[in-house]
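These notes concern the structure reproduced below.
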Amino acid sequence: MMEEGVKKFLYVNRKAPYGTIYALEALEVVLIGAAFDQDVSLAFLDDGVFQLTRDQNTDGVGVKNFSPTFRALGDYDVNKLYVERESLEERGLTADDLQEIVYEDEDDDWAEKPSIRIISRAEMADLMHDQDVILSF
Amino acid sequence: MMEEGVKKFLYVNRKAPYGTIYALEALEVVLIGAAFDQDVSLAFLDDGVFQLTRDQNTDGVGVKNFSPTFRALGDYDVNKLYVERESLEERGLTADDLQEIVYEDEDDDWAEKPSIRIISRAEMADLMHDQDVILSF
Amino acid sequence: MKFGIVVSEGPYTHEASDTAYNFVKAAIEAGHEVPRVFFYHDGVNVGTRLTVPPQDDRNIQVNWTNLAKEHGIDLVVCIAAAQRRGILDENEAKRQGKDADNIAEGFRISGLGQLIEMGIQTDRLMMFGD
Amino acid sequence: MKFGIVVSEGPYTHEASDTAYNFVKAAIEAGHEVPRVFFYHDGVNVGTRLTVPPQDDRNIQVNWTNLAKEHGIDLVVCIAAAQRRGILDENEAKRQGKDADNIAEGFRISGLGQLIEMGIQTDRLMMFGD
Amino acid sequence: MSTLHTVNKSPFATQSLLSCINHVKDGDAILLIEDGVYGAAAGTGVSDAVAGKAGSVKFYVLGPDLEARGIPATRLLEGVEVVDYAGFVGLAVEHDRAQAWL
Amino acid sequence: MSTLHTVNKSPFATQSLLSCINHVKDGDAILLIEDGVYGAAAGTGVSDAVAGKAGSVKFYVLGPDLEARGIPATRLLEGVEVVDYAGFVGLAVEHDRAQAWL
């Protein structure tokens, strides 16, 4: 643990959006947390991968659509969104079913790069194992 | 539907006790409902079968132990507790792991009879299909 | 046809109270009656007037209050479930020695008998929960 | 060692707030520090003073209030989550034009930054939820 | 006499849909709502279980909940019918009772 | 470096325990609490999954939650260790981080 330094924070998202509020309120933590200059990653596995799908439209249910907020994360320097491949596959999804989420890399002449990184279950386990603080939603 | 008559009410219990309050609050409905002279049955399937296990002792968690209340149901003329065999088996349980719950049969010289009836999944489906009102917990 | 409605989860946390609201609106528009909605478990939390949802979100309590007023729906909050969760009307607050109450307009606190009665007197009981 | 604690579910409905309470008591008895407990999601509902649990049941809010007083624990209720669910202190009630508040003794309302800060300043973050 | 079953949980997270499928009777209807709508998609780990039951039981899915989650009609299992809230009410009227698999 | 994983859901109702088991690393610990304690019993539909992982990962179960649910020590899977709340705290101290599978 780094008493004075930067900690690795992982936000673990395992729940679908809208049926419960956990996904939305997790995102609210991420946005506030971005101001603290920690090393932030987001993990999407199990039903959490549903949070990132395209074309969500909540007009019919009257609930707030928060999916566009994911596209704003780059502006908050949150650009490591890890999505588990096995979770996508079990749900009949591919990377193409997910929103395009990008950030501008200040170390590479502000080139636009994808924030979503599809990783295997084993890599997800490695990622979790490499954290200081894990917040589960 | 019998506008003036007696309706068949089924209370469906599918959740384990203590982790959430649904089991306890379902029992509170059953106790109040008993005063309405309807035809009442209780169904225990999936994790609901855990509600009826013996020797529950909540001293260590500091939560209220409501399992003795099941034994009082006979006094409220609630004596049809249907437990699904397949749900028990999947959980490594047999009828012997459940509390003894009895009632006195007024039509049989107040003979003491068991309230718990172990039924098959197919019989459970039949039971559900034979109701006027189904309350799910 | 008469519908009885049970809402078993709190506002915003679960979609249950939204689905129930949309169902009730559609039932009334189709000419059916919804004499009562019974709020149980965390559903009692729908009935507090102290919620302040974000301005770009729906106000679940106000929606229910307005729908009930317009169509004469009896919004009943279970007293036992409400006491555990801190939902009180003026009478209950006084009786329990509490210095505040939080029940919203159009909601009333009553016993579980109202749930059973609703099951007896309606043609279909619909449960929305978790 | 310093523990940070998050409680994500409401009282009585889920065991989470009980488990968290028992964990915090045990941690303090073992000589560890618990500087703060952060209440998020439905966990904010632990912080209402209006609950009236049955007499033969525990009083979750009072237990937390007493434990915090005895050991100097900072009980923080998330303001955003609290507003959605109708948990207000006197200031918030005034600011929002509400005629009542319901925060319990020993709890204070603050922002999500307190959660992140807790994660930074403690050695272990423990989450209790659903 | 038939029953309208409602399932509101993701079939990838909980056993509710499976338990419902194991307890329906021929001629019943299953309506997928809220997070339950994920069970209506083709090509998933649970779609065989749904498709296998679709012969004896009619499956419906709540359109507004589908749209909220961005599931296009093209991804639905064959035979699953989309209804709106009015259709939900209609199903509750048509069947003799409703059972919620909470 | 190792992780303490906590699982508080019944393995018969949700996928949480299975997902946890699929993401642990050798040397990690899994503590079953609340409704998660049902996963510690032998002779159930999930006990093979737990037993199969018990070689590389240490399983613990929270005693007070076991007693609340009436599960006798004699029904526990071999190798699952019972701890009290003090033991829970000790496990959190011993491992480098805690991850809750909510």
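Quick mapping for you: the protein sequence lines, in order, are chains U, W, Z, Y, B and H.
Numbers 10 to 146, taken from our numbering, label the letters of the first sequence in order.
Numbers 10 to 146, taken from our numbering, label the letters of the second sequence in order.
Numbers 84 to 213, taken from our numbering, label the letters of the third sequence in order.
Numbers 84 to 213, taken from our numbering, label the letters of the fourth sequence in order.
Numbers -2 to 99, taken from our numbering, label the letters of the fifth sequence in order.
Numbers -2 to 99, taken from our numbering, label the letters of the sixth sequence in order.
Glycine included, each C-beta is placed from N, C-alpha and C at the ideal position.
Since we're looking at a predicted model, the values are computed, not measured.
Neighbourhood of Y/R191 by C-beta, 8 Å cutoff - its chain only, sequence neighbours within 5 removed:
D157, L158, V159, V160 and D172
Under 9 Å between the Cβ atoms of B/T0 and B/H92?
yes
In terms of alpha-carbon separation, which member of U/A134, U/E121 and U/T78 lies closest to U/Q108?
U/T78
Only counting the same chain, and skipping five residues up and downstream in sequence, which positions put a Cβ closer than 6 Å to that of Z/T102?
F211
Out of curiosity, what's the CA-to-CA distance linking W/P123 and U/I30?
44 Å
Hey, does Y/V89 have any beta-carbon neighbour from chain U nearer than 9 Å?
yes
Residue-level contact to chain D via CB, Z/T96, 9 Å cutoff
Any reference to chain D falls outside this structure, whose protein chains are U, W, Z, Y, B and H.
Please classify Z/P94 as buried or exposed, where buried requires at least 16 other C-beta atoms within 10 Å of its C-beta.
buried
Decide yes or no for the touch test of the region 43 to 53 of chain U against the region 84 to 92 of chain U: beta carbon pairs closer than 8 Å, at least 3 of them.
yes
Rounded to a whole number of angstroms, what is the C-alpha to C-alpha distance between B/K6 and B/L14?
7 Å
State yes or no: is the C-beta of Z/T134 within less than 9 Å of the C-beta of Y/R168?
yes
DSSP three-state call for H/N19: helix, strand or coil?
coil
Beta carbon of U/F146, beta carbon of U/A43: below 9 Å?
no
With a CB to CB cut of under 6 Å and the five nearest residues on each side skipped, what residues in its chain are close to U/R80?
I110
Going by DSSP, which residues form a beta bridge with Z/E116?
Z/K85
Classify Z/K177 as helix, strand or coil using the three-state DSSP reduction.
helix
Would you verify that the beta carbon of U/T29 is, or is not, closer than 9 Å to some beta carbon of chain Z?
yes
Buried or exposed: where does H/M(-2) fall if 16 or more other Cβ atoms within 10 Å of its Cβ makes it buried?
exposed
Over the uninterrupted alpha helix (DSSP H) stretch that includes W/E34, give me the two end residues.
Y31 to G42
Would U/V87 count as contacting chain B if we go by Cβ distances under 9 Å?
no
So which of Z/V90, Z/I111, Z/G155 and Z/K181 has the shortest CA-CA distance to Y/P136?
Z/K181
Could you check what DSSP says for H/S13 in three-state terms: helix, strand or coil?
helix
Can you tell me whether U/V15 is buried or exposed, with buried defined as 16 or more other CB within 10 angstroms of its CB?
exposed
Meets three-Cβ-pair contact criterion under 8 Å: the region 183 to 190 of chain Y and the region 135 to 153 of chain Y
yes
Near U/D106, what residues of its chain come up, given a Cβ to Cβ distance below 7 Å and the 5 sequence neighbours on each side ignored?
T62 and R63
With DSSP run on the structure shown, which of helix, strand or coil describes W/P123?
strand
Under three-state DSSP, which class holds W/P77?
helix
Three-state secondary structure assigned by DSSP to W/M11
Residue confidence is low: W/M11 scores 44 on pLDDT, short of 50, so the model does not pin down where it sits. Its coordinate-derived value is still stated next. Coil.
Is it true that the CB of Y/H115 sits closer than 9 Å to the CB of Y/S91?
no
Answer yes or no: does any C-beta atom of chain U fall closer than 9 Å to that of H/D25?
yes
Nearest by alpha-carbon distance to H/G40: which of H/E78, H/R72 and H/F85 is it?
H/R72
Opening and closing residue of the beta strand (DSSP E) in which W/Y112 lies
V111 to D114
Please list the residues of the region 1 to 26 of chain B that have a C-beta atom closer than 8 Å to any C-beta atom in chain H, keeping them in chain order.
F9, A10, T11 and Q12
Can you give me the C-alpha to C-alpha distance between U/F45 and Y/I199, rounded to a whole angstrom?
8 Å
Chain Y contacts from the region 63 to 87 of chain W (Cβ-Cβ distance under 8 Å)
V70, G71, V72 and K73
Evaluate W/W119 with the Cβ neighbour count: other Cβ atoms within 10 Å of its Cβ, from every protein chain shown; 16 or more gives buried, anything less gives exposed.
exposed
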